[in-house]
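I have placed the structure first, in the form of structure tokens, so that the comments after it can refer back to it.
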Amino acid sequence: EHQKHKGCLSMSETTAQSLEDLKSVTTGEGTTIELEPINVEPKIDEHGRSYGTGRRKSATARVWIKPGTGKVTINGRDQEEYFARPVLRMVLEQPLIESDRRTQYDVIATVKGSGLSGQAGAVRHGISRALV
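As numbered in the working numbering, residues 250 to 381 make up the sequence shown, in order.
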């Protein structure tokens, strides 16, 4: 069984090789150009907020994040009131939890269209875009 795949690269080796390939580009003339990593910073408005638009299904969310205590407001209501099901609140908090910023930012969002599940996904998408 192992002899059959002896010459194959493992998934981690393939990924590492692919990432190395992305560090430089060879042009049609054979010239190699080294690429610099891009550092993306969120755009901050005059009120200290970062903005992101999120979409899922037919829902659209306009999301602003600003330094704060972790309060989430959806359409002028607290997240527990707007998204009564805990799984919907978990969905929209995922980007903040993954980036270890759950209690560092307040989130203000307006969302319309679709149902509650689509709206939660749209807010999550908007938060993700506002963070980068």
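We treat Cβ as the ideally placed atom computed from N, Cα and C, and that holds for glycine.
Buried is the label assigned to T309, since at least 16 other Cβ atoms lie within 10 Å of its Cβ. Rounded to the nearest whole angstrom, the C-alpha separation of D294 and R373 is 21 Å. Taking every protein chain shown into account, the CB of L341 has 16 or more other CB atoms within 10 angstroms, so this residue is buried. If you draw a 10 Å sphere on the C-beta of V321, you find 16 or more other C-beta atoms in it, and that means buried. For the set G277, D355, T275 and T359, the Cα lying nearest the Cα of T318 is the one of D355. For E347, the enclosing alpha helix (DSSP H) stretches over residues P335 to E347. Restricted to the stretch 268-329, the beta strand (DSSP E) segments that are unbroken, complete and at least 3 residues in length are 273-275, 281-283, 299-305, 308-316 and 321-323, listed in chain order.
Within 10 angstroms of the beta-carbon of I323 lie 16 or more other beta-carbons, which makes it buried. W313 is not a Cβ neighbour of A369, given a cutoff of 8 Å. Here DSSP, grouped into helix, strand and coil, assigns V372 to helix. For T359, the enclosing beta strand (DSSP E) has its first and last residue at Y354 to K361.
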